[in-house]
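**Student:**
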Amino acid sequence: MPYEVGAQVRLVRDVQVGGSDTTGRIGSPGPLFLAEGLRGVVTGSAPREARGTAQDALAEFDRRVGGQRFDAHAAGLLGNLREQILRQGAVDSGGAGAGTGYQVRFENGFVLHGLAEDCLARA
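Numbered according to our numbering, the sequence shown spans residues 1 to 123.
Put into structure tokens, the structure is as follows:
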């Protein structure tokens with residue numbers, strides 16, 4: 001269901017805002033996520049580029065291990081797994097996932113651009 005500008009929405013799952021794949025290796029906090037249920041207002045929309053299955057797998061991997069702390073050995077293993085997913089993306093010729101990306105201003109002040117429709121629900 002498309003959302004018009006001004007629509008009240010909420011996140012239906014945690015969404016990664018930023019971070020680095022090396023933070024877990026150096027003992028720093030992992031990537032930053034906005035929590036499921038956070039409310040906001042749609043401020044714009046634009047066509048989204050198609051994504052392959054490898055990018056989706058990488059996003060799911062980051063979602064599952066994000067926010068966790070690991071010792072150096074485990075962080076190294078997870079980094080290697082992430083690199084394998086990235087390498088798979090280099091040969092992935094898939095293009096699923098094209099659609100509309102939404103810009104949303106959340107209650108906490110964050111503004112995210114390019115949110116997929118399946119990340120949002122009407123508030």
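All residues carry an ideal CB built from backbone N, CA and C; glycine is no exception. Predicted model, so just to flag it, every value in this text is computed and none were measured.
Let me know the secondary structure DSSP gives Gly94 once reduced to three states.
**Tutor:** Interpretation of Gly94 is limited by its pLDDT of 46, a score under 50 that renders its predicted location unreliable; the figure taken from the coordinates is listed afterwards. Coil at Gly94, not helix or strand.
**Student:** Taking the C-alpha atoms as reference points, what is the distance between His113 and Arg105?
**Tutor:** Distance between the alpha carbons of His113 and Arg105 is about 9 Å.
**Student:** Measure the Cβ-Cβ separation of Gly79 and Pro31 and say whether it is below 7 Å.
**Tutor:** No. Outside cutoff.
**Student:** Distance check for Val111 and Asp71, CA to CA, integer angstroms please.
**Tutor:** Each residue's alpha carbon lies about 33 Å from the other.
**Student:** Count the other CB atoms, across all protein chains shown, that sit within 10 Å of the CB of Ala35; report buried if there are 16 or more and exposed otherwise.
**Tutor:** So Ala35 counts as exposed.
**Student:** Could you tell me which uninterrupted alpha helix (DSSP H) segments, each at least 4 residues in length, are contained entirely in the stretch 40-76, listed from first to last along the chain?
**Tutor:** 53-65, all fully within the stretch 40-76.
**Student:** Looking only at its own chain, which residues have a Cβ that is under 6 Å from the Cβ of Thr43, when we skip the five neighbours before and after it?
**Tutor:** Gln103, Arg105, listed in sequence order.
**Student:** How is Arg13 classed by DSSP in three states: helix, strand or coil?
**Tutor:** DSSP places Arg13 in coil when its eight states are reduced to three.
**Student:** Which residues in the same chain have their Cβ closer than 6 Å to the Cβ of Ala96, if we skip the five residues on either side of it in sequence?
**Tutor:** Below a pLDDT of 50, predicted positions are generally treated as unreliable, and Ala96, at 48, falls in that range; the measurement from the model is reported next regardless. Result list for Ala96: empty, nothing under 6 Å.
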